[in-house]
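Undergrad: Quick note: the sequence shown uses this note's numbering, first residue 219, plus one each step.
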Amino acid sequence: MRIGQGYDVHAFTAGSYVTLGGERIPHVRGVQAHSDGDVLLHALCDALLGAAGLGDIGIHFPDSEARWRGADSRGFLRHVRELLQQKGYRIVNVDATILAEAPRLGAHRAAMRANIAADLCLETARVNIKATTGEGLGFIGHGEGLACQAIALIEYAPEGTGPREGAGPETGSEAVPV
219 MRIGQGYDVH AFTAGSYVTL GGERIPHVRG VQAHSDGDVL LHALCDALLG AAGLGDIGIH
279 FPDSEARWRG ADSRGFLRHV RELLQQKGYR IVNVDATILA EAPRLGAHRA AMRANIAADL
339 CLETARVNIK ATTGEGLGFI GHGEGLACQA IALIEYAPEG TGPREGAGPE TGSEAVPV
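Dropping the structure here:
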């Protein structure tokens, strides 16, 4: 089992929506970003990549490359899932906390969870999304931007073995049942 954490932040700019979890959510502002600026999916990508020791989103999708301008971050998340599968990892669950004063996210949470579950080939119950405000403090509280923290749990499970069985990718030792 391996754990990774991710974090992403974007400043608000002119616009009429923000993209979170693959959903376009109406808002009085947009986000300043090279891709679609989906802080939720970016933080999840970093958590998953970190858990597998595969760097971060900037290594795989650098903002210096024009091909990623305006890119749909759901494609990033699906690509990260494929990278993990190629290395013999299975995603166990993901959990994220969106930090924003606005927009309100409750009405969009089920759709965001469904998008992420579909992209990661997980049951929706293995995807959790929470939201909180900055209580008027800092750049979040002042409404200058939004951020997301994420954590992911993965397990080494090469094809043909069950969960927690087989050798680990680095050591060659037997995994310990939990």
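Beta carbons: idealized from backbone N, C-alpha and C, even for Gly.
Runs of 3 residues minimum, wholly inside the segment 248-328: which ones carry the beta strand (DSSP E) assignment?
TA: You should have 307-317.
Undergrad: Going by the DSSP bridge assignment, what does HIS228 pair with across the sheet?
TA: The residue given as residue 228 occupies position 10 in the sequence shown. BP columns for HIS228 point to LEU364.
Undergrad: Specify, as a first and last residue, the run of the beta strand (DSSP E) that PRO244 falls within.
TA: Residue numbering aside, residue 244 sits at position 26 when the sequence shown is read from its first letter. Per DSSP, PRO244 belongs to the beta strand (DSSP E) from 241-244.
Undergrad: Tell me which residues share the same chain as ALA332 and place their Cβ nearer than 7 angstroms to its Cβ, disregarding the 5 neighbours each side in the sequence.
TA: To locate residue 332, count along the sequence shown from 1; it is residue 114. Same-chain partners within the cutoff: THR342.
Undergrad: Please determine if the segment 282-290 and the segment 301-320 are in contact, where contact requires at least 3 C-beta pairs separated by less than 8 angstroms.
TA: Flag = no, the segment 282-290 and the segment 301-320 do not touch.
Undergrad: Assuming LEU295 contacts CYS263 under a Cβ cut-off of 8 angstroms, what Cβ separation, rounded to an integer in Å, is found between them?
TA: By one-based count along the sequence shown, residue 295 stands at place 77. By one-based count along the sequence shown, residue 263 stands at place 45. That belief holds up - the Cβ atoms of LEU295 and CYS263 are roughly 6 angstroms apart, short of 8 angstroms.
Undergrad: I'd like to know whether the C-beta atoms of HIS228 and LEU364 end up nearer to each other than 8 angstroms.
TA: Translated into positions along the sequence shown, residue 228 becomes position 10. Translated into positions along the sequence shown, residue 364 becomes position 146. Result yes, Cβ atoms of HIS228 and LEU364 sit closer than 8 angstroms.
Undergrad: Nearest-angstrom Cα distance between ALA265 and ILE221?
TA: Reading the sequence shown from its first residue, position 47 is the one you call residue 265. Reading the sequence shown from its first residue, position 3 is the one you call residue 221. Each residue's Cα considered, the two are about 8 angstroms apart.
Undergrad: Can you give me the C-alpha to C-alpha distance between GLY354 and ALA329, rounded to a whole angstrom?
TA: If you number the sequence shown from 1, residue 354 lands on position 136. If you number the sequence shown from 1, residue 329 lands on position 111. So the alpha carbons of these two residues sit roughly 27 angstroms apart.
Undergrad: For my contact list, ILE277 and HIS260 are in at a C-beta cut-off of 8 angstroms; report their separation, rounded to the angstrom.
TA: Taking the first residue of the sequence shown as 1, we reach residue 277 at position 59. Taking the first residue of the sequence shown as 1, we reach residue 260 at position 42. Between HIS260 and ILE277 the Cβ distance is about 13 angstroms, and since that is not below 8 angstroms, they are no contact.
Undergrad: Under 8 angstroms Cβ to Cβ from ILE316, same chain only, skipping five residues before and after it: list those, please.
TA: Residue mapping note: residue 316 aligns to position 98 of the sequence shown, counting from 1. Only LEU238, VAL257, LEU258, LEU323, ILE347, LYS348, ALA349, THR350, LEU364, ALA365 and CYS366 meet the Cβ criterion.
Undergrad: Residues in its own chain within less than 6 angstroms of HIS360 by CB, not counting five upstream and five downstream?
TA: For the purposes of this step, residue 360 is identified with residue 142 of the sequence shown, where counting begins at 1. Correct list: empty, nothing qualifies.
Undergrad: With 8 angstroms as the threshold, decide whether the Cβ of TYR235 is near any Cβ in chain C.
TA: Absent from the structure is chain C; it holds one protein chain and no more.
Undergrad: Taking only the alpha-carbon atoms, compute the straight-line gap between VAL298 and GLY271 and give it to the nearest angstrom.
TA: As a working note, residue 298 is residue 80 in the sequence shown. As a working note, residue 271 is residue 53 in the sequence shown. Distance between the alpha carbons of VAL298 and GLY271 is about 12 angstroms.
Undergrad: Between VAL345, ASP254 and PRO244, which lies nearest to ASP290 when the distance is taken from Cα to Cα?
TA: Taking the first residue of the sequence shown as 1, we reach residue 290 at position 72. Taking only the C-alpha atoms, the option nearest ASP290 is ASP254.
Undergrad: Buried or exposed for ALA318, going by 16 or more other Cβ atoms inside 10 Å?
TA: Translated into positions along the sequence shown, residue 318 becomes position 100. Counting Cβ neighbours within 10 Å, ALA318 comes out buried, since at least 16 surround it.
Undergrad: Would you decide whether ASN240 is buried or exposed? Buried here means 16 or more other CB atoms lie within 10 Å of its CB.
TA: Numbered from 1 along the sequence shown, position 22 holds the residue referred to as residue 240. The sequence as given places Gly at residue 240; Asn does not occur at that position. When all chains shown are included, GLY240 counts as buried.
Undergrad: Here's the rule: buried if 16 or more other CB atoms are within 10 angstroms of the residue's CB, otherwise exposed. What is GLY224?
TA: Position 6 of the sequence shown, counted from the first residue, corresponds to residue 224. Label assigned to GLY224: buried.
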